[in-house]
Amino acid sequence: MKTPREILLKHHQSVERKLDQMWPRIATHPGVGLDGRASQVLLLLWRELILPSRRIWAGLACVWVVITVLNLASSEPTTQVASNARPPSREELRALVEQRRMLAQLIGPFPESANIQKGTSPGPRSERAAQTSAA
Amino acid sequence: MLVVPEREQLPVAEAREGNVEAWESLFRRYRLPLYVYVFELVRDEQTSLDLVQETFISAFRHLAMLRDDEKFGSWLFGIAHQKCVQQWRRHVRESELQEELATAEVVGDEAPDELLIREEQEAEFMKLLAKLPVPQRSALLLHFVEGFSLEEIARITDAQVGTVKSRLHYAKRALRKLLEKQAS
Numbered sequence: 017m018k019t020p021r022e023i024l025l026k027h028h029q030s031v032e033r034k035l036d037q038m039w040p041r042i043a044t045h046p047g048v049g050l051d052g053r054a055s056q057v058l059l060l061l062w063r064e065l066i067l068p069s070r071r072i073w074a075g076l077a078c079v080w081v082v083i084t085v086l087n088l089a090s091s092e093p094t095t096q097v098a099s100n101a102r103p104p105s106r107e108e109l110r111a112l113v114e115q116r117r118m119l120a121q122l123i124g125p126f127p128e129s130a131n132i133q134k135g136t137s138p139g140p141r142s143e144r145a146a147q148t149s150a151a
Numbered sequence: 205m206l207v208v209p210e211r212e213q214l215p216v217a218e219a220r221e222g223n224v225e226a227w228e229s230l231f232r233r234y235r236l237p238l239y240v241y242v243f244e245l246v247r248d249e250q251t252s253l254d255l256v257q258e259t260f261i262s263a264f265r266h267l268a269m270l271r272d273d274e275k276f277g278s279w280l281f282g283i284a285h286q287k288c289v290q291q292w293r294r295h296v297r298e299s300e301l302q303e304e305l306a307t308a309e310v311v312g313d314e315a316p317d318e319l320l321i322r323e324e325q326e327a328e329f330m331k332l333l334a335k336l337p338v339p340q341r342s343a344l345l346l347h348f349v350e351g352f353s354l355e356e357i358a359r360i361t362d363a364q365v366g367t368v369k370s371r372l373h374y375a376k377r378a379l380r381k382l383l384e385k386q387a388s
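Protein sequence lines correspond, in order, to chains U and L.
The first sequence finishes on residue 151 if you use the working numbering, and the numbering steps up by one all the way, no holes.
The second sequence finishes on residue 388 if you use the working numbering, and the numbering steps up by one all the way, no holes.
This is the structure:
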């Protein structure tokens, strides 16, 4: 009398030689630990670093996803801003020209670029005194 | 009485460290039981040899991901089972995979491991095993060859424990019928 296990193993015993021949192919297969030390190191890192605290990593990943989504949702694309800006109308341009004319009448004509530069970098006190006396 | 090797100390940790002898030891321990399981499911020698080789390569490649070293056996058979499923999907009609079994909870267990088969019944036993539906055959083989528990078989075959119990019950009943018929 035999157990099913004994019968099954005995029935297939003849294939053991072929199975033994398989070992060198497995051991030298690329990616298997015996050859692929680099992948083993990665797997070891995975096991030691990621797996023990996988919930924390997953939580962090979720937080980052939420931050990214919120960031994308709140920021308006620059193209949209550019397209929203309409060109000034004729009336607006006319009003601007009129405003500049009135300003020129009040404070007198001034060469724009020169004045702006002077305004930004005033000269020494002695030069300023000469200018006021000349005026 | 089911004669299955006890849950021996397997050199899984050493294999993970890259110890060649440990790897070979694991290969030698499981090569034949794994082949028996795969062959009895796919019924083709060359395909079975290929699947066993693929299973070991896959297992050794992903050994670092195994968290519980004591579950190496069921984990390995789980990989083999998945390889068989992929093989069926490629070559066998999907309908053959469908189980037409009542999944009602089976009350009482006749312990299939108590089966003892006479020498003149061996050939019949193998024939009957081949005739069983794949899910029943798979559960029975896992139970016979490695003595896996219901929970382990459920994990390997990706099924509910109740379903596995039911499969074992029907498979065992079919076996008993045959053996009784032979005896009479």
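Glycine included, every Cβ here is placed at the ideal spot set by N, Cα and C.
Remember, it's a predicted structure, so these values are computed and weren't measured experimentally.
Worksheet item: Would you call the CB atoms of L/Phe281 and L/Trp227 closer than 8 Å?
Response: Within the second sequence, residue 281 of chain L is the residue found at index 77, counting from 1. Within the second sequence, residue 227 of chain L is the residue found at index 23, counting from 1. Taking 8 Å as the Cβ cut-off, L/Phe281 and L/Trp227 do not qualify as a contacting pair.
Item to complete: Show which residues of chain U have a CB atom less than 8 Å away from the CB atom of L/Tyr234.
Response: Taking the first residue of the second sequence as position 1, residue 234 of chain L is located at position 30. Ordered by position in chain U, no residue passes the 8 Å Cβ test against L/Tyr234, which lies about 10 Å from the chain.
Worksheet item: Hey, would you say L/Ala378 sits closer than 8 Å to L/Thr361, going by beta carbons?
Response: Locating residue 378 of chain L in the second sequence gives position 174, where the first residue counts as 1. Locating residue 361 of chain L in the second sequence gives position 157, where the first residue counts as 1. Note that the C-beta distance between L/Ala378 and L/Thr361 is not below 8 Å.
Practice prompt. For U/Trp73, decide whether its Cβ has a neighbour in chain L, counting only Cβ atoms nearer than 8 Å.
Written response: As a working mapping, residue 73 of chain U is identified with position 57 in the first sequence. No, U/Trp73 lies away from the interface with chain L (no Cβ there is under 8 Å from its Cβ).
Worksheet item: Between the C-alpha atoms of L/Gln213 and L/Leu230, what's the straight-line distance to the nearest angstrom?
Response: On the second sequence, residue 213 of chain L is found 9 positions in, with the first residue counted as 1. On the second sequence, residue 230 of chain L is found 26 positions in, with the first residue counted as 1. Rounded to the nearest angstrom, the two C-alpha atoms are 11 Å apart.
Worksheet item: What are the boundary residues of the alpha helix (DSSP H) that U/Lys34 is part of?
Response: The sequence position of residue 34 of chain U within the first sequence is 18, counting from 1. DSSP places U/Lys34 in the uninterrupted alpha helix (DSSP H) bounded by Glu32 to Ala43.
Discussion item. Measuring straight from C-alpha to C-alpha, what distance separates U/Met17 and L/Glu350?
Written reply: Working through the first sequence from its first residue, we reach residue 17 of chain U at position 1. Working through the second sequence from its first residue, we reach residue 350 of chain L at position 146. Straight-line spacing of the CA atoms in U/Met17 and L/Glu350 works out to 19 Å.
Worksheet item: Taking all protein chains shown into account, do 16 or more other C-beta atoms lie within 10 angstroms of the C-beta of U/Arg33, making it buried, or fewer, making it exposed?
Response: Reading the first sequence from its first residue, position 17 is the one you call residue 33 of chain U. U/Arg33 should be labelled exposed.
Worksheet item: Taking just the CA atoms, how far does L/Pro337 sit from L/Gly366?
Response: Looking up residue 366 of chain L in the second sequence gives position 162. Looking up residue 337 of chain L in the second sequence gives position 133. Looking at the two C-alpha atoms, the distance is approximately 17 Å.
Discussion item. Going by beta-carbon coordinates alone, are L/Leu354 and L/Val368 separated by less than 8 Å?
Written reply: As a working mapping, residue 354 of chain L is identified with position 150 in the second sequence. As a working mapping, residue 368 of chain L is identified with position 164 in the second sequence. A contact, by the Cβ cut-off of 8 Å.
Worksheet item: Under 7 Å Cβ-Cβ, which residues of chain U neighbour L/Val349?
Response: Counting from one through the second sequence, the residue named residue 349 of chain L turns up at place 145. Scanning chain U for C-beta atoms nearer than 7 Å to the C-beta of L/Val349 yields Arg21 and Leu24, reported in chain order.
Discussion item. With the cut-off set at 8 Å, would you say L/Ala375 and L/Gln325 are in Cβ contact?
Written reply: Numbered from 1 along the second sequence, position 171 holds the residue referred to as residue 375 of chain L. Numbered from 1 along the second sequence, position 121 holds the residue referred to as residue 325 of chain L. With contacts defined by Cβ atoms closer than 8 Å, L/Ala375 and L/Gln325 do not form a contacting pair.
Practice prompt. Examine chain L for any beta-carbon lying closer than 8 Å to the beta-carbon of U/Leu86, and answer yes or no.
Written response: Counted from its first residue, the first sequence places residue 86 of chain U at position 70. At a cut-off of 8 Å between C-beta atoms, U/Leu86 does not count as an interface residue with respect to chain L.
Practice prompt. Please state if the CB of L/Gln291 and the CB of L/Lys255 are separated by a distance shorter than 8 Å.
Written response: Counted from its first residue, the second sequence places residue 255 of chain L at position 51. Counted from its first residue, the second sequence places residue 291 of chain L at position 87. According to the sequence displayed, residue 255 of chain L carries Leu and not Lys. Contact: yes.
Fill in: Cross-chain neighbours of U/Gly63 in chain L, by beta carbon under 9 Å
Mapped onto the first sequence, residue 63 of chain U falls at position 47. Looking at the sequence provided, one finds Arg at residue 63 of chain U rather than Gly. Going along chain L in sequence order, the residues near U/Arg63 (Cβ under 9 Å) are Arg220, Ala268, Met269, Leu270 and Arg271.
Practice prompt. Take L/Leu383 as the anchor and find which of L/Phe329, L/Arg359, L/Gln364 and L/Glu356 has the nearest alpha-carbon.
Written response: Numbered from its first residue, the second sequence carries residue 383 of chain L at position 179. Closest by alpha carbon: L/Phe329.
Fill in: C-beta contact flag for L/Leu238 and L/Ala284 at 8 Å
Position 34 of the second sequence, counted from the first residue, corresponds to residue 238 of chain L. Position 80 of the second sequence, counted from the first residue, corresponds to residue 284 of chain L. Between L/Leu238 and L/Ala284, the CB-CB gap stays under 8 Å.
Discussion item. In this structure, how does DSSP classify L/Glu304 when only helix, strand and coil are distinguished?
Written reply: On the second sequence, residue 304 of chain L is found 100 positions in, with the first residue counted as 1. Only weak support is given to the placement of L/Glu304: the predicted model assigns it a pLDDT of 42, under 50, and the value that follows is read from those uncertain coordinates. Three-state result, L/Glu304: coil.
Worksheet item: In its own chain, which residues sit with a C-beta less than 7 Å from the C-beta of L/Cys288, not counting the 5 before and 5 after it?
Response: On the second sequence, residue 288 of chain L is found 84 positions in, with the first residue counted as 1. The beta carbon of L/Cys288 sits closer than 7 Å to those of Val242, Leu245, Val246 and Leu255, all from its chain and outside the five residues before and after it, given in chain order.
Practice prompt. Have a look at U/Ile66 and L/Ala268 and give me their C-alpha separation to the nearest angstrom.
Written response: Against the first sequence, residue 66 of chain U aligns to sequence position 50. Against the second sequence, residue 268 of chain L aligns to sequence position 64. Here the alpha carbon of U/Ile66 sits roughly 12 Å from the alpha carbon of L/Ala268.
Practice prompt. Tell me, please, whether the CB atom of L/Trp279 is closer than 8 Å to any CB atom in chain U?
Written response: Locating residue 279 of chain L in the second sequence gives position 75, counting from the first residue. Interface annotation, L/Trp279: not in contact with chain U, CB-CB separation never under 8 Å.
Item to complete: Run down chain L in chain order and give the residues with a C-beta less than 8 Å from the C-beta of U/Arg12.
Response: Not covered by the structure: residue 12 of chain U. The range shown for chain U is 17 to 151.
Worksheet item: Taking Cβ positions only, does U/Val31 come closer than 8 Å to chain L?
Response: In the first sequence, counting from the first residue as 1, residue 31 of chain U sits at position 15. So yes, U/Val31 belongs to the interface.
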